[in-house]
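In what follows, a single structure is set out as structure tokens and then discussed.
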Amino acid sequence: TALFALASIYERVLARPDDVDRVLRAALAIDPSNARALRALLRRVAGEAVEDNDAGQRERGEELADLLGRLAQVEKDPEQKTGILQELADVNQRLGDRQGAERALVEAVATLPSNARAFARLAGLFRRPEGRDSTGYARALAGVIGLGQELGHIDARWFAALGTLEIQQLQRMRDGIAHLQRAIALDPTLYETRFELASAFAKMGANEEASRALLAMIAPTAHPLLSIADPAAGLALLEQTLSKERRVDEAVVVSELRALCGELDDGRKAWLRARRLPPLDAQHAVLDRTSLVNHVLPPEGRHILLEVAVAMAGLEAKMMRSDLSELGISSRDRITSRSGHPTRVILDRVARQMGVGEVELAIAPSVTRTRVLSQDVPWVVVPPALVEQTEMAQTASIARAVARIAFGVPWLEELPPPHIEALLVAAARQVVPGYGADDVDVLTLKLVTQHEPAIAKLLSRRQKKQLEELAPHIASPQSRPPQADVFVNALARAELRTAFVVTGDLLTMVDEIRPLDQTLHRATDSSGPNALSAVLGHAFAGDVVRYALTPEATALRRRLGSTWT
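Going by our numbering, the sequence shown opens with residue 1, and the numbers climb by one from there.
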């Protein structure tokens with residue numbers, strides 16, 4: 001302390017710089033790790049210039065390096081220590097001591113992993129005019145990882161950088177893959193690293209692992225794929241690996257995504273648009289309701305209320321009976337199976353594929369979309385504009401309507417979600433009084449009380465018996481009414497998934513969904529990255545894409561004959 005006071009007098013009062021340095025060195029001789037003395041002497045040495053004397057410059061530089069190294073050893077604050085180590089690296093570089101600079105930057109990065117500047121400077125240390133010193137950089141990264149583990153620090157970027165280096169420059173594929181996997185385990189948001197890992201698997205011929213890594217970038221969300229620099233390259237690689245796995249049907253789906261992205265040649269796009277479904281034959285099975293519920297319907301829709309809807313089938317025709325004459329539909333608009341009308345042929349085919357019984361078809365100018373109207377037999381009513389569209393477009397639209405019938409919710413698009421919930425809760429209350437009293441809001445509860453007496457009056461003996469069989473399940477704690485929007489959303493997604501399984505045509509499904517959302521419609525007016533992003537990010541279109549890429553969807557398509565070669 002006395003020496004510090006004496007140094008201050010020499011510096012500020014007597015202006016005797018040589019004595020300042022002498023006294024500070026004396027203080028360091030007493031306490032070599034004294035941070036105050038080190039900083040003071042560092043300031044003095046760094047501030048002095050030695051003119052026209054290379055030996056003096058080098059001597060000062062070496063002293064600076066020694067003082068910075070000693071100060072770094074005693075500094076406790078990670079940010080301060082990292083700054084000191086970066087200064088030490090600068091001094092060592094000026095002295096031509098590359099190894100010393102490397103050691104300083106390795107310690108700086110390991111000390112404070114969040115310091116991006118230190119990490120970037122370590123990478124820059126190995127840039128040469130003839131190219132990067134990959135071997136040296138890999139050695140430094142290994143040193144960072146080892147020292148970081150000693151200090152209790154670890155960072156995914158270290159493993160990502162080392163893995164990329166090993167794969168791209170050092171041809172150490174297995175080591176590189178292991179390091180990339182470790183990086184992704186530490187930080188799944190390293191999307192470029194995930195793509196790099198998939199590419200490495202593909203280079204090794206591990207196509208199944210490559211496909212799995214890429215599919216994980218699309219499901220459960222496509223944000224990872226859309227976040228890489230070139231999503232189209234990711235899709236091209238996925239199509240390649242799926243094809244090599246002999247998963248041709250999923251590869252065609254990826255090809256359709258590439259078409260949306262504007263990455264396909266005209267011949268391939270023309271083939272995709274020219275596809276037509278083959279005639280049904282004996283080998284094609286029926287996709288019945290059980291299969292639809294178990295393999296198509298999202299889990300959010302697998303609720304006891306869906307079974308309530310099936311139990312009360314036919315009741316909605318009496319409660320919500322639509323007056324066909326109000327829509328301008330007369331007997332002349334009815335299209336029978338005997339007519340041979342192409343749209344009727346499509347309806348009969350789809351109804352047979354889903355095991356749906358009798359369905360009537362009408363073409364009415366008064367409707368603007370394909371609707372299902374509740375009568376004694378359900379009516380599918382389509383606008384004239386649909387009849388003028390392609391066979392695949394008609395199939396997609398009609399498949400959606402038939403799916404609603406098959407799931408037992410023909411009124412799905414005819415009622416808002418709160419009314420759907422109220423109708424089903426009121427039906428459940430016929431066998432479990434008070435069901436959902438604490439789970440539905442006041443407005444829905446009011447609708448429930450309005451529906452209850454009407455349902456009680458119209459319920460047939462058979463329907464009442466079916467509801468009674470469901471009563472124990474309805475009364476169970478896990479069968480509380482779901483949120484109406486979530487339940488209806490799941491059914492809507494199931495409807496679109498079913499239409500895809502029937503058509504096997506993702507591009508047609510995107511065309512079917514586009515009119516439902518103006519934002520999606522505008523984004524997909526032309527192919528390109530924006531169109532791909534809009535489709536993958538859309539709640540319904542994106543769900544169809546993700547479902548289309550599952551082996552489950554492919555298995556169902558094979559049953560129906562909607563796969564392509």
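For every residue, glycine included, the Cβ atom is placed at its ideal position computed from N, Cα and C.
Here the structure is a predicted model, which means the values were calculated and not measured.
Which of the three DSSP states, helix, strand or coil, is assigned to residue i?
i	result
R247	coil
R103	helix
V286	coil
E326	helix
V432	coil
V440	coil
I154	coil
I9	helix
G504	coil
I228	coil
R372	According to the sequence shown, residue 372 is Val rather than Arg. Reduced to three states, the DSSP call for V372 is strand.
I218	coil
G148	helix
R127	strand
T565	coil
R276	coil
R302	coil
R16	coil
R258	helix
R44	helix
R344	helix
R172	coil
To the nearest angstrom, report how far apart residue i and residue j are at their CA atoms.
i	j	result
T554	L147	49 Å
T563	G504	6 Å
L576	P231	No answer is possible for residue 576: the residues shown for the chain start at 1 and end at 565.
A89	Q168	28 Å
L525	H538	Note on residue identity: the sequence assigns Asp, not Leu, to residue 525. Their Cα atoms are separated by approximately 15 Å.
D52	A29	Summary for D52: the model assigns pLDDT 44, below 50, so the residue's position carries little reliability; its value from the coordinates is reported in the next sentence. Whole-angstrom Cα-Cα distance: 30 Å.
R182	E107	21 Å
V425	T370	27 Å
A499	L386	16 Å
L6	G152	42 Å
P608	P129	Lying outside 1 to 565, the shown extent of the chain, residue 608 is not represented and no answer is given.
R98	L197	32 Å
D376	G542	36 Å
L496	I145	49 Å
T390	Q466	41 Å
S397	I154	53 Å
G561	L257	21 Å
A49	L3	Confidence is the limiting factor: at A49 the pLDDT is only 48, short of 50, which leaves the residue's position unreliable, though a coordinate-based value still follows. Each residue's alpha carbon lies about 25 Å from the other.
V382	A236	38 Å
What residue does the alpha helix (DSSP H) around residue i start on, and which one ends it?
i	result
L215	N207 to L215
T554	P551 to L560
M319	L315 to M319
E468	R461 to A475
A123	A116 to G124
G542	A541 to A548
E196	Y191 to K203
Taking the beta strand (DSSP E) that residue i falls in, what are its first and last residues?
i	result
L361	E360 to I363
Worksheet item: Taking the runs of the beta strand (DSSP E) that are 3 residues or longer, which of them lie wholly in the region 374-414?
Response: Restricting attention to beta strand (DSSP E) runs no shorter than 3 residues, the region 374-414 encloses them at 379-382, ordered along the chain.
Worksheet item: Do the region 383-403 and the region 302-317 make contact, defined as three or more Cβ pairs closer than 8 Å?
Response: With a cut-off of 8 Å, the region 302-317 and the region 383-403 do not count as touching, because too few Cβ pairs lie within range.
Item to complete: Count the C-beta pairs between the region 358-376 and the region 320-340 that are closer than 8 Å, then say yes if the count reaches three, no if not.
Response: Short answer: they touch.
Discussion item. Would you call the region 199-218 in contact with the region 227-246, where contact means no fewer than 3 C-beta pairs closer than 8 Å?
Written reply: The region 199-218 and the region 227-246 touch, with no fewer than 3 CB-CB distances between them shorter than 8 Å.
Worksheet item: Okay, do the region 296-306 and the region 479-486 touch, 3+ Cβ pairs below 8 Å being the bar?
Response: Contact holds: three or more Cβ-Cβ distances are below 8 Å.
Worksheet item: Which runs of the beta strand (DSSP E) spanning at least 3 residues fall entirely within the region 61-96, listed in chain order?
Response: Those beta strand (DSSP E) runs which fall completely within the region 61-96 and span 3+ residues do not exist here.
Worksheet entry | Stretch pair the region 243-251 + the region 511-523: three plus CB contacts closer than 8 Å | Output reads no: the region 511-523 does not touch the region 243-251.
Item to complete: Give a yes or no on contact between the region 482-494 and the region 283-290, applying the rule of three or more CB pairs nearer than 8 Å.
Response: Result no; under three Cβ-Cβ pairs closer than 8 Å.
Discussion item. Any contact between the region 169-176 and the region 131-143? By contact I mean 3 or more CB pairs, one from each, below 8 Å.
Written reply: Inter-segment contact for the region 169-176 and the region 131-143 is present: three or more beta-carbon pairs are separated by less than 8 Å.
Worksheet entry | Length at least 4, wholly inside the region 480-533: the alpha helix (DSSP H) runs in chain order | Entirely contained in the region 480-533, the alpha helix (DSSP H) runs reaching 4 residues are, in chain order, 484-503, 506-513 and 518-523.
Practice prompt. Give a yes or no on contact between the region 253-273 and the region 333-347, applying the rule of three or more CB pairs nearer than 8 Å.
Written response: No, the region 253-273 does not touch the region 333-347.
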